Amino acid sequence: MSAGTLTIATRKTKLHRLFAYRFAMLAGPGALFILVALLLPLLSIVVFSFWRTQSYELFADWNLDNYRVMLSEAAYRVFFLRSLGMALAVTLACLVIAWPIAYFIAKHGGRYRLLLVLLLAAPFFTGVILRIAALQGLFGPIGIINMTLTELGIPPIQALMYTPLAAIIGLVYLYLPFMITAVYLSVINFNFELLEVAKINGARPWRAFIEITWPLNWIGTAIGLVVVFIPCLASAVTQRFLGGTQSASFGMSLAQQFGETGTWALGSAMGVALFFSSLVAILLIGRSINLKRSGFTGAINR
-8 MSAGTLTIAT RKTKLHRLFA YRFAMLAGPG ALFILVALLL PLLSIVVFSF
42 WRTQSYELFA DWNLDNYRVM LSEAAYRVFF LRSLGMALAV TLACLVIAWP
92 IAYFIAKHGG RYRLLLVLLL AAPFFTGVIL RIAALQGLFG PIGIINMTLT
142 ELGIPPIQAL MYTPLAAIIG LVYLYLPFMI TAVYLSVINF NFELLEVAKI
192 NGARPWRAFI EITWPLNWIG TAIGLVVVFI PCLASAVTQR FLGGTQSASF
242 GMSLAQQFGE TGTWALGSAM GVALFFSSLV AILLIGRSIN LKRSGFTGAI
292 NR
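Just so we're aligned, residue -8 is where the sequence shown starts under my numbering, counting upward by one.
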């Protein structure tokens, strides 16, 4: 091997080492943060789920009792199914409401599109508790709506407060901006001329939406489904303040294990079950995504 070839090989090796060093410097802090803040706590929860809790203390007594209790007690099954049904209802409601809004902003927003999208962040200027309290002041027995109805001689609407419907309305209010943003980021890259072509060829608007707009923007919709469904499945605060006793959720029961009852091992097992349920939902939605047909990243068929 000649000296010139050795020099080129040495330079390539140095470049590779420099690239690896820079990559480690850039990605290292983020990877370390994910390891410390996400993976280690999750691993500890998995470990604690096999332990035993007694008098608010954890004991390394490895067993499956926590999972047996969670699966055998009817209350936990009811709480989980109730949370699952509520999460599905909220996700569907957000999807139906978000699509027309995101579509209108992307197609007709013009120079105001960025402003309209930024307005979606307006509710986040305050905390979750304050926003839920505002809903209580709006829907409550002595809230604005029911007081107005009473003044007009109309009976108050009991379903608006301390019912599953009130909890669903509250969750839709909290998570609708996430769904709108996800769908908007997909539709903004969509080529609306395709709809004109479909119209010229005799396709009605609903058929053009089903066969063109919806499939080509499915990844944005799928992301919206994930970012709404998963937090709704684990939600506890909204049901506690708005839902009443009929809306007791799996998340509320989980929070109780780490609070009033102090059964941390059982709470850890419930957290593991909730994590795997969310993972299953992500995998099911992920399987439906066809990246080559998506408008989210501007990808095209090749």
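Cβ atoms here follow ideal geometry from the backbone N, Cα and C, with glycine treated the same way. These numbers come from a predicted model, not from an experiment.
**Segment limits, beta strand (DSSP E) that includes Thr44** = Taken as a continuous stretch (DSSP letters only), the beta strand (DSSP E) holding Thr44 covers Arg43 to Gln45.
**Message:** Just to confirm the assignment, what range does the alpha helix (DSSP H) spanning Glu48 have?
**Reply:** Unbroken run through Glu48 is the beta strand (DSSP E), Glu48 to Phe50; no alpha helix (DSSP H).
**Asked** alpha helix (DSSP H) containing Glu187: first to last residue?
**Response** From DSSP, the alpha helix (DSSP H) with Glu187 extends over Glu184 to Ile191.
**Message:** Whole angstroms are fine: how far does the CA of Val174 sit from the CA of Gly286?
**Reply:** Per-residue confidence for Gly286 stands at a pLDDT of 44, beneath the threshold of 50, marking its modelled position as unreliable; the derived number appears in the next sentence. Between Gly286 and Val174, the C-alpha separation is close to 10 Å.
**Asked** Is DSSP giving Thr117 helix, strand or coil here?
**Response** If DSSP states are grouped into helix, strand and coil, Thr117 belongs with coil.
**Asked** Excluding five sequence neighbours on each side, which residues of the same chain lie with their C-beta closer than 8 Å to the C-beta of Phe115?
**Response** Once the five neighbours on either side are set aside, the close Cβ partners of Phe115 are Pro168.
**Prompt:** Counting pairs of beta carbons, one from the segment 225 to 239 and one from the segment 175 to 184, are three or more of them closer than 8 Å?
**Reply:** In short, these stretches do not touch, since the Cβ pair count stays below three.
**Run of the alpha helix (DSSP H) containing Gln237, from where it starts to where it stops** = Run containing Gln237: none; DSSP gives neither H nor E here.
**Request:** On a CA-only basis, which of Leu62, Met261 and Ala93 is nearest Leu109? Give me that one, please.
**Result:** The shortest C-alpha separation from Leu109 is found at Ala93.
**Asked** Is it buried or exposed for Ala112, if we count other Cβ within 10 angstroms and need 16 for buried?
**Response** Ala112 counts as exposed, since fewer than 16 other beta carbons sit within 10 angstroms of its beta carbon.
**Asked** Which word fits Gln45, buried or exposed, when buried means at least 16 other C-beta atoms lie within 10 angstroms of its C-beta?
**Response** Burial call: exposed.
**Request:** Counting only the same chain and skipping the five closest in sequence on each side, list residues whose C-beta sits under 8 Å from that of Arg68.
**Result:** Same-chain partners within the cutoff: Leu62.
**Item:** Option in Asp52, Gly21 and Arg231 with minimal Cα separation from Gly161
**Value:** The residue with the shortest Cα to Cα distance from Gly161 is Arg231.
**Request:** Grab the span of the alpha helix (DSSP H) containing Phe241 for me, first residue to last.
**Result:** Unbroken alpha helix (DSSP H) run through Phe241: Phe241 to Gln248.
**Request:** Output the distance between the C-alpha atoms of Leu151 and Asn137, rounded to the nearest integer angstrom.
**Result:** Their Cα atoms are separated by approximately 9 Å.
**Prompt:** If you draw a straight line from the alpha carbon of Arg13 to that of Leu6, how long is it in whole angstroms?
**Reply:** Each residue's alpha carbon lies about 10 Å from the other.
**Three or more C-beta pairs below 8 Å linking the segment 30 to 44 and the segment 252 to 272** = Contact holds: three or more Cβ-Cβ distances are below 8 Å.
**Of the listed residues Leu129, Phe183, Ala15 and Tyr47, nearest to Gly250 (C-alpha basis)** = For Gly250, the closest of Leu129, Phe183, Ala15 and Tyr47 by C-alpha to C-alpha distance is Tyr47.
**Prompt:** Between Pro147 and the rest of its own chain, which residues show a CB-CB distance below 7 Å, the 5 nearest in sequence each way excluded?
**Reply:** A distance below 7 Å between beta-carbons, with the five flanking residues on each side excluded, links Pro147 to the following residues of its chain, in chain order: Pro132, Asn137, Leu140 and Thr141.
**Request:** Apply the 10 Å Cβ neighbour rule to Trp209 and answer buried if 16 or more other Cβ atoms are within range, or exposed otherwise.
**Result:** Burial call: buried.
**Asked** Which residues mark the beginning and the end of the alpha helix (DSSP H) in which Met77 is found?
**Response** Boundaries of the alpha helix (DSSP H) around Met77: Ala65 to His99.
**Prompt:** From what residue to what residue does the alpha helix (DSSP H) around Phe220 run?
**Reply:** From DSSP, the alpha helix (DSSP H) with Phe220 extends over Trp209 to Leu224.
**Asked** Are the beta-carbon atoms belonging to Ile135 and Leu129 less than 8 Å from one another?
**Response** Contact flag set, yes.
**Prompt:** For Thr154, which option in Leu233, Ala66 and Asp56 has the closest C-alpha, if you only look at C-alpha atoms?
**Reply:** The candidate whose alpha carbon is nearest that of Thr154 is Leu233.
**Message:** Suppose contacts are defined by Cβ-Cβ distances below 8 Å. Is Phe241 in contact with Phe50 by that definition?
**Reply:** Contact: no.
**Request:** Return yes when the Cβ of Ala213 is within less than 8 Å of the Cβ of Ile276, no when it is not.
**Result:** Against a cut-off of 8 Å, the Cβ pair of Ala213 and Ile276 comes out as a contact.
**Prompt:** Do you know how far the Cα of Met243 is from the Cα of Ala158?
**Reply:** So the two alpha carbons sit approximately 13 Å from each other.
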